[in-house]
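Single-structure report; data block below.
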Amino acid sequence: MADTGNNRIQKLTAATGTWSEWRRSGGGPGSGLGEFNQPYGVALDGSDNIYVSEYDNHRIQKLNVASGVWSEWKKNGGGSGSGAGEFNHPKGLAVDGNRNIYVADSDNNRIQKLNAVAGTWSEWAYRGAIAGDGLGEFKYPNAVAVDKHKNVYVADYGNNRVQKLDATTGVWSEWKKAGGGSSSALGEFDGPTDVAVDEDGNMYVTDFYNHRLQKLNVATGVWSEWKKAGSGAGSGLGEFSYPSGVAIDHDGNIYVADSGNHRIQKLAAATGVWSEWKKAGGGRGSGLGEFNNPTGVEVDRSGNVYVADMKNHRIQNLTAATGAWSEWKKSGGGVGSGLGEFNEPYSVAVDKKGNLYVADSNNDRIQKLTAATGVWSEWKKARGGHGSGLGEFRSPLGIAVDIDGAVYVAESDNQRIQKIKIAPTPSDAPTDITAEVVKGKSQATVSFKAPVKDGDSDITGYTVTSSPGGLEASGTGSPITVTGLTYGTTYTFTVVAINGVGSSVASAASNAVKPEAILPPQPSSSSQATSVSEETNAVILVNGKSVNVGTVKVTSVNSQSVTTIKIDQDKLADRLVTEDQRAVVTIPVKTKSDVVIAELNGRVVKNMEDMQAVLEIKTNDAVYTLPAQQINISALSDQIGKSAALQDIKVQIEIAVPTADMLKVVENAAAKGSFKLVASPLNFTVRGIFGEKSVEVSKFHSYVQRAMRLPDGIDSNKITTAIVVEPDGSVRHVPTKIITIDGNDFAFVNSLTNSTYSLVWHPVEFLDVAAHWAKLAVNNMGSRMIIDGVGSGMFKPDQEITRAEFAAILVRGLGLKLENGAAPFSDVLPQNWYSSAVNTAYAYRLISGYEDGSFHPLDKITREQAMDMMAKAMKITGLKAKLPPSTDPQKMLTPFTDVNSAAGWAKEGIAACLQAGIISGRNSTELAPKSYITRAEVAAIIERLLRKSELI
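Following this note's numbering, the numbering of the sequence shown begins with 65 at its first residue and continues without gaps.
Written as structure tokens, this is what we have:
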């Protein structure tokens, strides 16, 4: 018999009438073999072997009577368990005639059976939900949240605690009252109903029966609270009655579903002031912007607010831009089970694409509203009702979406958290494909609309393909330019969208277009050329030594004088073999001419490229210094057509006075931009020609220098910068410095593109920097059109700057050509003023966004973020390569006592900026990496970057 209280098994021998026992030596509970802790059941098999169930040791023991040896079945390591052959407070025990063992596993709510022959355990049990209080177990979980690192937080309502699953380690932790149970102390709970996490990792919990909102400051580990003074429910601002939902927006504003007060409250982060939305006069309401026990609240990236208006069986939406409320519900109101209808919706979530998810609790389902289509869909048990299978639900109360689009659901009655990862598919094809060509350009600009359905995977790019030819071009959005087209050929284009799964099907074909050539001015007929000179020998310089290696021809074409210098391949090649690497080939043109063209073939350019030679075109007005490697003859040949031999490709480098039409564009740009032209504009062009096909080299991989001579009588102090004027009249600064050579003043202009350049006078002096430490830098950058004022002659030098503003200033400072099209970030829209600047900064790898695909353009930029971007800019300007090598860049950070507050990803960039001297600490020991940077500081560091890079 099981002598439970004495922790022993006793036996009465019938033949002798004597008792014997098995127990721990000395008595008391024990866990060794043949020892017991609350033995509960005893059974014997046909050989009189004894079986004992032990309630508090969570095991079954067996005594082999023949050998006198005890053995056991239990969880490995001991303790309670729910696996096969593991037990949680076993009670009843039986053995059948085949020696199979049966155990009443009481707290696991099951019967287990050991098959004596196979040695395997099986069970009979109801496998429905079982509440638990261990880590990773739940009792009526009410809400779930996911932070930007994909850590999961659960409001474990029935256990009066909040649990967290660390995404990196897979380990659960908890916040609760020591020993468990409800409490009103800080960091302890009485019915936690919702949890939210802000950008800094601070946690917010609605504490239902304590009528309060709690906050955990993750940096200090200190809890604080908002509630009515004293205790109990309250209805004043910042007081609560059974708060059920909480949300945080990107600006740190807090929203609370104050269920018992039938309202939504908002705490403004900037002012610390509470406000509310509710029925006038208070109480339940069913009008728009009125509520009946609201239980869930969410805010999207645009500040739109969504509310689960539970007892009104609807979802309400406040549009931030208009302040107007709207709703989704059953027509006529009340309970509904159709798509977009609800039965006590409890919580809402919004993903980064604006899709809305609703925990439709009494319909035991999750509904999703796809933002792009406005169509509702659902996840639920087949044929409806509650279920416990995967993708089935029983009282879903909480819902959240992570940065990858995975959906998390807190199911109260299934005592679990489900994670739903939607399997992505290729997106739909782009639509509305249109193509345009410009005469004289062997390229087409293809525009299109993004697909409505992205296949539940972010679209990362698009590829445009030509027909015929199969030429491809890729980009992150519309429009995309396809180069290398053949003049006179008719083309159509298709577009595919690319997401994480792959490419979509090809779109419908675009309209047909035919690029047409405008060849450089050449005397092809008597109607064009008014005069043609005889060819004469061309004398050029190789490392300063005169060499006769070509011919010169002067023509007059369309009222412009054209001087063409053709270089003989063999003669120049023979000369270069006698020179060292990095030879300088100078083509001087002393004749006054509107257009100067230096013409080499592709083979000559390739030879010069291999020698890292530099080509210099010198006219009376300009010097164009072009490293041969910048022409990139291999890429140019690929665009023209791989069938063309290098020696058959003509490469022309041209300096020209713009046409009359382009001169008018420049003059109009000057009038519009309030600057004065102080020198005639010049076009700089590099092109490859094969037959009738012409391809321009429009972008270089590092700065290319042009020196433009100032006209006689022009004061060099009245030149502020050079500008690029595009054919559409848009203007941008390019880095410029004035240098005097042999008594002549030259503006040295550095740019990554070819175009039309002019020198301008654009003096700026902001009124509010007259006595400011950054006066010179601010006015200099303003005069160079790199920074703008705020109106009325003011600059506001000490105002902090946003990420978008900083990206735009950096792009302007570097003189980069703006790139249009869809931005790579979900929160940068084509209509935003900063869209093209952000696109350009991203294309040049100056910026990267956040893990969720956003950029946060309107967030203030921190010093460490600015330094990271400046370090990347140093690579473009060549400054990074000029710095002396450092065995340990981190030594630059040693003097600063706050260096550990800098993010790990930022430290390399900070060190580079400090080493280059373009940024310093706020003082000798304070780096202040998390502090915001001001407009004056930005002007100063951009100026230092350009000066130290020797660009201004």
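We treat Cβ as the ideally placed atom computed from N, Cα and C, and that holds for glycine.
Taking Cβ positions, are residue i and residue j nearer each other than 8 Å?
{"i": "I681", "j": "I719", "result": "yes"}
{"i": "P993", "j": "E928", "result": "yes"}
{"i": "V559", "j": "V516", "result": "no"}
{"i": "A493", "j": "S542", "result": "no"}
{"i": "D962", "j": "E1001", "result": "no"}
{"i": "I1006", "j": "I873", "result": "yes"}
{"i": "H122", "j": "F100", "result": "no"}
{"i": "N607", "j": "A573", "result": "no"}
{"i": "V761", "j": "L700", "result": "yes"}
{"i": "Q694", "j": "V768", "result": "yes"}
{"i": "E362", "j": "G552", "result": "no"}
{"i": "S657", "j": "T615", "result": "no"}
{"i": "W392", "j": "L352", "result": "no"}
{"i": "A66", "j": "V106", "result": "yes"}
{"i": "G251", "j": "W239", "result": "yes"}
Going straight from the alpha carbon of residue i to that of residue j, what length do you get?
{"i": "L831", "j": "D211", "result": "46 Å"}
{"i": "G504", "j": "V510", "result": "17 Å"}
{"i": "T82", "j": "L76", "result": "6 Å"}
{"i": "D522", "j": "G564", "result": "7 Å"}
{"i": "A219", "j": "D315", "result": "24 Å"}
{"i": "A195", "j": "S476", "result": "10 Å"}
{"i": "I481", "j": "N173", "result": "21 Å"}
{"i": "L878", "j": "A901", "result": "12 Å"}
{"i": "N407", "j": "S401", "result": "7 Å"}
{"i": "V261", "j": "N368", "result": "18 Å"}
{"i": "V28", "j": "K155", "result": "What the structure shows of the chain is the stretch from 65 to 1016, and residue 28 is not part of that stretch, so it cannot be assessed."}
{"i": "W440", "j": "K138", "result": "50 Å"}
{"i": "S299", "j": "R348", "result": "13 Å"}
{"i": "E405", "j": "D428", "result": "13 Å"}
{"i": "V502", "j": "L549", "result": "12 Å"}
{"i": "D466", "j": "K214", "result": "6 Å"}
Can you tell me whether residue i is buried or exposed? The criterion is at least 16 other CB atoms within 10 Å of its CB, across all chains shown.
{"i": "D932", "result": "buried"}
{"i": "S591", "result": "Low confidence applies here, because S591 scores a pLDDT of 39, under 50, leaving its location unreliable and the question unanswered by this model."}
{"i": "I787", "result": "buried"}
{"i": "R447", "result": "exposed"}
{"i": "V337", "result": "exposed"}
{"i": "T683", "result": "buried"}
{"i": "P791", "result": "exposed"}
{"i": "E354", "result": "buried"}
{"i": "R87", "result": "buried"}
{"i": "A344", "result": "exposed"}
{"i": "E536", "result": "exposed"}
{"i": "W188", "result": "exposed"}
{"i": "K279", "result": "buried"}
{"i": "W837", "result": "exposed"}
{"i": "E599", "result": "exposed"}
{"i": "N671", "result": "buried"}
{"i": "L664", "result": "buried"}
{"i": "W290", "result": "buried"}
{"i": "N808", "result": "exposed"}
{"i": "N987", "result": "exposed"}
{"i": "E118", "result": "buried"}
Report, in whole angstroms, the separation of the C-beta atoms of residue i and residue j, which I expect to be a contact under 8 Å.
{"i": "V208", "j": "V216", "result": "7 Å"}
{"i": "H797", "j": "R751", "result": "Their Cβ separation, rounded to whole angstroms, is 25 Å, which puts H797 and R751 out of contact at 8 Å."}
{"i": "G143", "j": "D197", "result": "With 8 Å as the limit, G143 and D197 do not qualify as a contact, their Cβ atoms being about 15 Å apart."}
{"i": "I114", "j": "L127", "result": "4 Å"}
{"i": "L277", "j": "P307", "result": "6 Å"}
{"i": "T998", "j": "E864", "result": "6 Å"}
{"i": "P409", "j": "V399", "result": "Not really, about 11 Å apart at Cβ, beyond 8 Å."}
Next item on the list: Ignoring anything shorter than 4 residues or poking outside the segment 608-665, list the alpha helix (DSSP H) runs there in chain order.
Entry: 633-640
Notebook entry, point to check: Mind pulling the beta strand (DSSP E) runs of 3 or more residues that sit fully within the segment 302-330?
Noted result: 307-312, 318-322
Margin query: Just to confirm the assignment: which complete alpha helix (DSSP H) runs, minimum length 4, are found wholly within the segment 717-800?
Written below: 724-737
Item checked: Start-end ranges of the beta strand (DSSP E) lying completely within the segment 472-530, minimum 3 residues -> 480-484, 495-501, 507-513
Next item on the list: Counting only runs of 3+ residues fully inside the segment 163-240, write out the beta strand (DSSP E) ranges in chain order.
Entry: Whole beta strand (DSSP E) segments, 3+ residues: 165-169, 174-178, 185-189, 205-210, 216-220, 225-229, 236-240.
Next item on the list: Taking only runs that begin and end inside the segment 807-895, name each unbroken beta strand (DSSP E) of 3 or more residues, in chain order.
Entry: 808-817, 820-825
Margin query: Please give the ranges of any beta strand (DSSP E) in the segment 350-405, keeping only runs that are unbroken, at least 3 residues long and fully inside the region.
Written below: 358-363, 369-373, 378-383, 388-392
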